[in-house]
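Residue numbers (this note's numbering), protein chains in the order written: chain A, 21 to 134; chain B, 283 to 397. Quick reminder that beta carbons are idealized off the backbone N, C-alpha and C, glycines included. Being a predicted model, the structure only gives us computed values, none of them experimental. First comes the structure, then the notes that go with it.
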Amino acid sequence: AQKVTQAQTEISVVEKEDVTLDCVYETRDTTYYLFWYKQPPSGELVFLIRRNSFDEQNEISGRYSWNFQKSTSSFNFTITASQVVDSAVYFCALKGASNYQLIWGAGTKLIIKP
Amino acid sequence: NAGVTQTPKFQVLKTGQSMTLQCAQDMNHEYMSWYRQDPGMGLRLIHYSVGAGITDQGEVPNGYNVSRSTTEDFPLRLLSAAPSQTSVYFCASSRTGGSSIFGYTFGSGTRLTVV
């Protein structure tokens, strides 16, 4: 069975603080893909990153960074120097190579206060 | 390049009514899918298609039908709407079932309320 757990339901920080969103996954597939999506208050889903299971390099994109650790089955997302525009619900998702279904976590609502 | 277009954006149905949610993509993606999003939950897969003429069930298919007569279009039909189908529906497409570096492209969603 595949599962994605985002234990943090809601996080609230003050602007310019760093914040990390946790994602823990379960899968029996040896090849799989992990994703992060952002859902702003307007409701659309915005693709942020995709990571293959065989590529454990961490990635940085501007103020965003991702830490993939297979040993702990985690794919955490950090926003550095948060901004009010980062306020959104963030979803972590998993797709095993053996099927087409994208398994989603329940999402973390991030509130950035000015 | 419009991406994935969903219509309508909002819909209110009475219990027992039927309707079709439209989804069209102009990226020549083989893979298309429908998800529903309920409060406090991640998205759940309803149906998906890996190409024209090929469809399959996802996690929560009951009460929904799909067909894929062209590469571009993947409509979702509610046969007899029930209040439990009140949700936000997203259509997504991908070149290779999510394996491409760009992942999935999502439509803007359809907010459906069944009363």
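Which of helix, strand or coil DSSP assigns to V77/A: Within the first sequence, residue 77/A is the residue found at index 57, counting from 1. In the sequence on display, residue 77/A carries Gln and not Val. Coil.
Scan the segment 316 to 359 of chain B and note each continuous beta strand (DSSP E) run of 3 residues or more that stays entirely inside, going in chain order. 325 to 333, 336 to 339 and 346 to 348
Quick one: which residues of the segment 334 to 351 of chain B get their C-beta closer than 8 Å to a C-beta of chain A? List them in chain order. Within the segment 334 to 351 of chain B, D338, G340 and E341 place their CB atoms closer than 8 Å to a CB of chain A, listed in sequence order.
Partners in chain A for F388/B, counting only beta-carbon separations shorter than 9 Å: On the second sequence, position 106 is the one that residue 388/B refers to. Under the 9 Å cutoff, chain A gives Y57, E64, L65, V66 and F67.
For Q288/B, the first and last residue of its enclosing beta strand (DSSP E): Counted from its first residue, the second sequence places residue 288/B at position 6. Residues V286 to T289.
Between which two residues does the beta strand (DSSP E) harbouring G116/A extend? Looking up residue 116/A in the first sequence gives position 96. Counting along the chain, the beta strand (DSSP E) containing G116/A begins and ends at A108 to G116.
Alpha carbon to alpha carbon, how far is V105/A from A334/B? Give it in angstroms, no decimals. What you label residue 334/B is simply residue 52 of the second sequence in a count that begins at 1. What you label residue 105/A is simply residue 85 of the first sequence in a count that begins at 1. Between A334/B and V105/A, the C-alpha separation is close to 39 Å.
Whole angstroms is fine: what's the gap from N347/B's alpha carbon to Q339/B's? Within the second sequence, the letter at position 65 stands for residue 347/B. Within the second sequence, the letter at position 57 stands for residue 339/B. One C-alpha to the other measures close to 9 Å.
Report the residue from L295/B, F388/B and V286/B whose alpha carbon sits nearest the alpha carbon of S366/B. Along the second sequence, read from residue 1 onward, the residue named residue 366/B stands at position 84. Comparing Cα-Cα distances from S366/B to each of L295/B, F388/B and V286/B, the minimum goes to L295/B.
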